[in-house]
Structure formats: structure tokens, C-alpha cells
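Asker: Sharing a structure with you now.
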Amino acid sequence: METISSSLPTMACSHQGDVVVFEVNAIGWAPSGARTALSLHHELDPARLPAAKGVAAIGHERTPSGRYVLAAGRADEDDGLCQAITPGALKPRVTYRVAGWVSVAAAAPGAGVGGTTTHHPVHVSIRVDGGAVACSAASDSESEAGTGGSRWAEIKGAFRLKESPRSAVVYVHGAPAGVDVKVMDLRIIATDRKARFSYLKEKTDKVRKRDVVVKVDGAPAGAPVRVVQLDSAFPIGSCINGTVIQDPAFVDFFTNHMDWAVFENELKWYWTEAQRGQLNYADADRLLDFCDRAGKPVRGHCIFWAVDGDVQQWIKDIADHDEPDQLMAAVQARLNGLLARYAGRFPHYDVNNEMLHGRFFRDRLGDDVAALMFREAARLDPGAALFVNDYNVECGNDANATPERYVELIRDLQRRGAQVGGVGLQGHVTHPVGEVICDALDTLAAATDLPIWFTELDVCEPDDALRADDLEVVMREAYAHPAVQGVVLWGFMQGHMWRQDAALVNTDGTVNDAGQRFIDLRREWTSDARGCLDADGQFKFRGFHGSYVAQVTTATGTKMLKAFTVDKGDTPLVLDVDN
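Take the sequence shown: its letter number 374 is residue 1692 in this note's numbering, and every next letter is one higher.
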């Protein structure tokens, strides 16, 4: 063990290409907090080291070194360790990814008993010019009280600066006072989106396309063939509300570029029953009629909301009077009323929204009530896929919403008999990083084997050009991942969105850079093949999954049409067209 000096060095990081590397050595880290002491260690047990992670297309794979810094004697959550970033290392308008591993040495005194597992958040913050925080990456670390055991957790996060900072310092902190924090191989990586997009295009070709052979027996070689894709097997949609469907510019973009819809508020309990016993389904009915006329399926959002601040007052009043029977009766009435009325109308339901961030019903009716909501919803509308839905899971900046925490929630629901039919990632993102999103998708897909949807995607960035790049990051990661089955935007028009600086369409109906990027991606992911029959009477192409029509023109000018669907498959789809 080696003790580290308490002074903050001025040149504390090295550079390996576009990677800012924070080395674990005696001149690198300094303690943050008057009582914090730092020391160097080496993880000698290979079984305790985290698995190496990285993406070959990017070239930043890293095997954990085993060398780490321990911050002990922390007296406050803000205490830990810090390190200055070399002046000029961070560039404006570049998206940086934070990567590395953190752990905690033991639970705080009195936080648990021997053998129990305690979760502690650990944060990595980049503070620029003496105060402003540019990044807050987070990880959910575990320790076993009474044993000193702990597991390494990967730290993830991202940031982007508007201008070059005069100074920048990395801080590692966040766990409760008295909990020792360990840091291994922390890195800041300038993302290479060009390389990542190239990799994702190759992956997309394997995941979303299939070889097709159009075969016409007896037709002469050279007969013209045209194949047009009518719609995609990967739906993309948007939220709507009663106001936006009155705007012709909104309706035009929605009907031309969106496949699905979700109601922004009109199906939520606080909207349909703001006052006890006074039901209002008229607004939802109007939106549903609009979508029926437009031919757009609708996600049901949401039956319940787990966050206290989004529960209407009369429900809180029942809970405050400690009347669990009445509260349970209200829950059951909500289920019966909503799902009986709309049985078969909503292909998806978000059952109890944001359970990683709220426990309103579970705290008052017991942990099983969340699974009961799923069980009853499945009984009342067996054709609907029932989703969990939450935010920040794909971002790496929220210790309460790690993919691992999401998996634990889903498995607990399933153990209690809940028919969880899908995983919702809301996707309210800022300066997204593809590798972080992909890691979350990989974890969820491997552990749950459930379809994943991005359910409320919006990308917040004031600069339209950067917003377009950010949107492309998320869209390409989603489309290239085999577990993702659809994306729904949380609006797209300026002045009609929950988050500012996220629009694709301006208030006057003109399409901005982000909107054009969205249109270009949809065009890229739509097949349109032209050619001629070969000597064997065949025309071959590779097309995206979806529905098509093929047209073959004979020597006499007769046009033969054939509708067909390209599904997933490893072997070519052979399509016989009658001559």
C-alpha cells in the first residue's frame, strides 16, 4: 500500500490518442475532503476483477489493470478523490465518454448486518472553471455489511462542453460518509461517431435485412423489375395530445413520417379521474379516433404512475388517512374501468410508470401490488403487451436506474406472477453515447429476453446540427440492436414538447437539421430495388424487414404485381410471381 499526497497536481493526466487517461499513481489523484486519505492498492484475486468491456469498432477495449485508489475516512457524500485535467485536453462540441470501474470497501456503520447487501451510489463529476458541473456519471456499487466484500461496478456517463474551459477537475464521490470508495482505470474518451456509425451500419445489415429472390418462371431475361417497400417492421412513432392534432403542420409530419402514437397525458389516471368518481375518457377517445382515421396503433400510457408527485390529490388523501382498503379498491376500479373500456384497442400498456424512481403504491399496499397490477391487466386485456417503463436506464448517469436495477425489478415482478411483456426505455437523453446505450441494451436483452422499446425519445441540444448528430446516435443504436422492436418520440414540434431544444420541426412547420436527419434515416432504412430478371428468371436484392410490392413488366407490357412480407430469416426468401 502506498499513501498519496494531499496536494492537487497541475498535470494529472496523460493522453493516448483521443483518450484522456487518469493513471493510478502517486502523482495522479488527490483527496477531496479534510479527513479523506488516499492509498494505492492492487486487486490480487482475478475472480474479483470486472470483466473487460469495449467495442472493437472503436478500439478502446481495456482489460482491468487491478490497480486502484482507495479513498478512506470520508466525512461527507462530497468527499472522495479528485484530479485536474491537463489544460487544453477537453475540446468544445466534442462528446466525451466517461469509463472505468468503481467499488465501495464496506457499508457505513449501522447500515446493515452481516451478509446483507447494501447499494451505494458512486458519482464521477467533471467540474469546470471552478464550479459548473459538466458531467455526473453514476454507478450502483454493492457491499456486504460485516464482510468487507464488494463488487466492482462499471462507471458510465457522458458530457460535452460549449467552450474550452480554463480549468477542469474530475471528482469521484457520492457514497455515504464512512463508506470507502475505490476507483480503477478511470478514462475520458472522445467519442468517434463516424467509426461507430460505420460499425452500426454493418450490424444493421445483419439484424434488419434479408436476401430476397423474386422468381418468375418462363419470363424472358431482361424483364424490368421494381420492388417498393410499403412499410417497416420496425415502427417509429410520436406522442400526441389534443392540441397538436389541431395543427396542420404537426398532422402533416405525423401522418407522413410516424407509424405509431402514444397520448402524452390523456390516458393517465390523473387526467381521466382528476376528481374522485368523475371520469373523463372523452379526450382519450378523441385522440383514439384520430389515430384510427390515420391508421396508427397507439401505446397505452399509462395505467398507474409510481412517483408520488404524479399521483392525483384524492388518491393521496386516501393514503394519508391510512385507508389501504379504499386505496386498493381505487386501484382495482382503475384497472377494471380503463382496461374493460379499451380492451383490444391498445397493443401496449405501461402498467406502473417509473418504478425505479417511485414506490407510491408499493409503500402503501405492499410490494406485491405492482405485480397485481400486471396480473389484473393481463386478465382484463390478454392481448396487450404489458411494459415496465422508466428513464435514465440508457444514460449511465443515475445510480437508481442502472440496467442491473431494472433487471432486478423485472425479475421480482415475474417471480410474483406478473406477465411482463416488454421493457420500456424512455430515452430522455442529452449528449448520448452509443457505447453506453448499447451496453444497457445488451444487459437488458441478455437478462430478460424481452422486447425493448424506446418509448419517449427526445434529444435535448440547443444547436440543431449537434441535435441531429445526437438523434442519429440513439436511432442507430436502437435500430441496430436485435432486441429493440420500436421507437416512439416524445413529440417533435417546437412549442409542443415537454423538453425544450429537442424539436425536429419548427413552429412554422419547417424541418430543422434534426428533423431532416430523422427523415434521411427513415429513407436509408427503406428498400427500393430496381433491375431486370436474369437468365434464370430471377431478380435478387437484400431488403429491410417489412411489407413490399413487386412489379414485373413482361415483353408485352403486362405488369405483374405481387405483395409480400420480408420477415426475419437467415436463408433467402424466395418469392414466386405468377406469369
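For each residue, glycine too, the CB sits at the ideal point set by N, CA and C.
Grab me the residues of P1542's own chain with a C-beta within less than 7 Å of its C-beta, minus the 5 sequence neighbours each way, in chain order.
Answerer: Along the sequence shown, one-based indexing puts residue 1542 at 224. Around P1542: C1850, T1871.
Asker: Quick check on C1713: does DSSP put it in helix, strand or coil?
Answerer: Along the sequence shown, one-based indexing puts residue 1713 at 395. DSSP places C1713 in coil when its eight states are reduced to three.
Asker: The beta strand (DSSP E) that contains L1657, what's its start and end?
Answerer: Start at 1 with the first residue of the sequence shown, and residue 1657 comes out as number 339. Where L1657 is concerned, there is no enclosing beta strand (DSSP E), although the alpha helix (DSSP H) it sits in stretches over 1642-1659.
Asker: Output yes or no for whether 8 Å exceeds the beta carbon distance between A1832 and L1775.
Answerer: Taking the first residue of the sequence shown as 1, we reach residue 1832 at position 514. Taking the first residue of the sequence shown as 1, we reach residue 1775 at position 457. Not a contact, by the Cβ cut-off of 8 Å.
Asker: Which same chain residues, not among the five before or five after Q1596, have their C-beta less than 6 Å away from its C-beta?
Answerer: Here residue 1596 refers to the residue found at position 278 when the sequence shown is read from its first residue. Here the set comprises nothing.
Asker: Near E1795, what residues of its chain come up, given a Cβ to Cβ distance below 6 Å and the 5 sequence neighbours on each side ignored?
Answerer: Indexing the sequence shown from 1 puts residue 1795 at position 477. Counting only Cβ-Cβ distances below 6 Å, and skipping sequence neighbours, we find G1752, I1755, C1756.
Asker: What's the call for K1586, buried or exposed, on a 16-neighbour Cβ count within 10 Å?
Answerer: Counted from its first residue, the sequence shown places residue 1586 at position 268. K1586 comes out buried.
Asker: Under a three-way DSSP split, which group does L1789 fall into?
Answerer: Residue 1789 sits at position 471 when you count from the first residue of the sequence shown. DSSP places L1789 in helix when its eight states are reduced to three.
Asker: Going by beta-carbon coordinates alone, are G1742 and D1668 separated by less than 8 Å?
Answerer: Here residue 1742 corresponds to residue number 424 of the sequence shown, with the count starting at 1. Here residue 1668 corresponds to residue number 350 of the sequence shown, with the count starting at 1. Closer than 8 Å, so yes.
Asker: Between P1665, A1624, P1750, A1661, which lies nearest to V1649 when the distance is taken from Cα to Cα?
Answerer: As a position in the sequence shown, residue 1649 is number 331, starting the count at 1. Measuring from the Cα of V1649, the nearest candidate turns out to be A1624.
Asker: DSSP three-state call for A1450: helix, strand or coil?
Answerer: As a first step, residue 1450 is located in the sequence shown; it is residue number 132 there, counting from the start. DSSP places A1450 in strand when its eight states are reduced to three.
Asker: Kindly give me the distance between the Cβ atoms of F1772 and V1805, rounded to whole angstroms, as I take these residues to be in contact under 8 Å.
Answerer: Reading the sequence shown from its first residue, position 454 is the one you call residue 1772. Reading the sequence shown from its first residue, position 487 is the one you call residue 1805. 4 Å between Cβ atoms; contact.
Asker: I need the DSSP call for M1329, collapsed to helix, strand or coil.
Answerer: Locating residue 1329 in the sequence shown gives position 11, counting from the first residue. Interpretation of M1329 is limited by its pLDDT of 37, a score under 50 that renders its predicted location unreliable; the figure taken from the coordinates is listed afterwards. The answer is coil: DSSP assigns M1329 none of H, G, I, E or B.
Asker: Can you tell me the Cα-Cα spacing of V1431 and D1638, whole angstroms?
Answerer: For the purposes of this step, residue 1431 is taken as residue 113 along the sequence shown, with counting starting at 1. For the purposes of this step, residue 1638 is taken as residue 320 along the sequence shown, with counting starting at 1. In this prediction, V1431 scores a pLDDT of 46, lower than 50, which makes its location untrustworthy; the coordinate-derived value is nonetheless stated afterwards. Near 32 Å, if we compare the C-alpha coordinates of D1638 and V1431.
Asker: I'd like the ranges of any alpha helix (DSSP H) spanning at least 4 consecutive residues and lying wholly in the segment 1558-1628.
Answerer: For the segment 1558-1628, whole alpha helix (DSSP H) runs of length 4 or above, ordered along the chain, are 1566-1575, 1587-1590, 1600-1612.
Asker: Which term fits G1887, buried or exposed, when burial requires 16 or more other beta carbons within 10 angstroms of its beta carbon?
Answerer: Locating residue 1887 in the sequence shown gives position 569, where the first residue counts as 1. Exposed, since its Cβ has fewer than 16 Cβ neighbours within 10 Å.
Asker: Between S1865 and D1510, what straight-line distance do the alpha-carbon atoms span, to the nearest angstrom?
Answerer: On the sequence shown, position 547 is the one that residue 1865 refers to. On the sequence shown, position 192 is the one that residue 1510 refers to. Roughly 35 Å separates the two Cα atoms.
Asker: So the candidates are I1554, V1569, G1555; which of them puts its Cα closest to the Cα of T1561?
Answerer: Stepping through the sequence shown from its first residue, residue 1561 is reached at position 243. Taking only the C-alpha atoms, the option nearest T1561 is V1569.
Asker: Along the chain, where does the beta strand (DSSP E) that runs through Q1803 open and close?
Answerer: As a first step, residue 1803 is located in the sequence shown; it is residue number 485 there, counting from the start. Here the beta strand (DSSP E) through Q1803 covers 1802-1807.
Asker: What residues in its chain sit with their C-beta under 7 Å from that of H1666, if we drop five residues either side in the sequence?
Answerer: The residue given as residue 1666 occupies position 348 in the sequence shown. So the list reads R1617, G1618, A1702, A1703, F1705, G1740, once near-sequence residues are dropped.
Asker: Rounded to whole angstroms, what's the CA-CA distance from V1802 to F1581? Just pull it up for me.
Answerer: Position 484 of the sequence shown, counted from the start, is the residue given in the question as residue 1802. Position 263 of the sequence shown, counted from the start, is the residue given in the question as residue 1581. Those two C-alpha atoms are separated by around 21 Å.
Asker: Going by C-alpha distance, which of V1747, Q1732, F1810, E1712 is nearest L1762?
Answerer: By 1-based counting over the sequence shown, the position of residue 1762 is 444. Among V1747, Q1732, F1810, E1712, the Cα nearest to that of L1762 belongs to E1712.
Asker: Only counting runs of 3 or more residues, tell me where the beta strand (DSSP E) segments fall wholly within the segment 1490-1545, in order along the chain.
Answerer: For the segment 1490-1545, whole beta strand (DSSP E) runs of length 3 or above, ordered along the chain, are 1499-1508, 1527-1533.
Asker: Measuring only the C-alpha atoms, how far is V1497 from A1476?
Answerer: Taking the sequence shown and counting its residues from 1, one reaches residue 1497 at position 179. Taking the sequence shown and counting its residues from 1, one reaches residue 1476 at position 158. In a straight line, the C-alpha of V1497 is about 25 Å away from that of A1476.
Asker: Ends of the alpha helix (DSSP H) at E1779?
Answerer: Stepping through the sequence shown from its first residue, residue 1779 is reached at position 461. Counting along the chain, E1779 falls outside any alpha helix (DSSP H), and DSSP gives it neither H nor E.
Asker: So, is E1481 buried or exposed, given that buried needs 16 or more other C-beta atoms within 10 angstroms?
Answerer: Within the sequence shown, numbered from 1, the residue matching residue 1481 stands at position 163. Exposed, because fewer than 16 other Cβ atoms sit within 10 Å of the Cβ of E1481.
Asker: For the alpha helix (DSSP H) that contains G1833, what are its first and last residues?
Answerer: The residue labelled residue 1833 in the question sits at position 515 within the sequence shown. Residues 1831-1842.
Asker: Comparing C-alpha positions only, which one of P1439, A1592, D1885 sits nearest to S1550?
Answerer: On the sequence shown, position 232 is the one that residue 1550 refers to. Nearest of P1439, A1592, D1885 to S1550, Cα basis: D1885.
Asker: I need the straight-line Cα distance from A1821 to A1393, nearest angstrom please.
Answerer: Residue 1821 sits at position 503 when you count from the first residue of the sequence shown. Residue 1393 sits at position 75 when you count from the first residue of the sequence shown. Between A1821 and A1393, the C-alpha separation is close to 44 Å.
Asker: Using the beta-carbon count (16 or more within 10 Å), is T1889 buried or exposed?
Answerer: Here residue 1889 is taken as the residue at index 571 of the sequence shown, counted from 1. By the 10 Å Cβ count, T1889 comes out exposed.
Asker: Looking at the structure shown, is K1927 part of a helix, part of a strand, or coil, going by DSSP?
Answerer: Because the chain spans 1319 through 1897 in this model, residue 1927 falls outside it and cannot be assessed.
Asker: Just tell me which of L1362, D1363, P1382, S1457 has its CA closest to the CA of A1369.
Answerer: What you label residue 1369 is simply residue 51 of the sequence shown in a count that begins at 1. Answer by Cα proximity: P1382.
Asker: Which residues share a DSSP beta bridge with F1552?
Answerer: The residue labelled residue 1552 in the question sits at position 234 within the sequence shown. Looking at the DSSP assignment, F1552 forms no beta bridge with any residue, so it has no partner.
Asker: Which value, in whole angstroms, describes the spacing of the CA atoms of G1346 and V1451?
Answerer: Taking the sequence shown and counting its residues from 1, the one referred to as residue 1346 is at position 28. Taking the sequence shown and counting its residues from 1, the one referred to as residue 1451 is at position 133. Straight-line Cα distance between these residues: approximately 21 Å.
Asker: Give the DSSP-derived three-state secondary structure of E1732 in the structure shown.
Answerer: Reading the sequence shown from its first residue, position 414 is the one you call residue 1732. Residue identity differs from the one stated: residue 1732 is Gln in this sequence, not Glu. In this structure, Q1732 counts as helix in the three-state DSSP scheme.
Asker: Assuming the contact rule is C-beta atoms closer than 8 Å, I1621 and L1645 should be a hit. Round their C-beta distance to whole Å, please.
Answerer: On the sequence shown, residue 1621 is found 303 positions in, with the first residue counted as 1. On the sequence shown, residue 1645 is found 327 positions in, with the first residue counted as 1. Incorrect: roughly 15 Å between the Cβ atoms, too far for contact.
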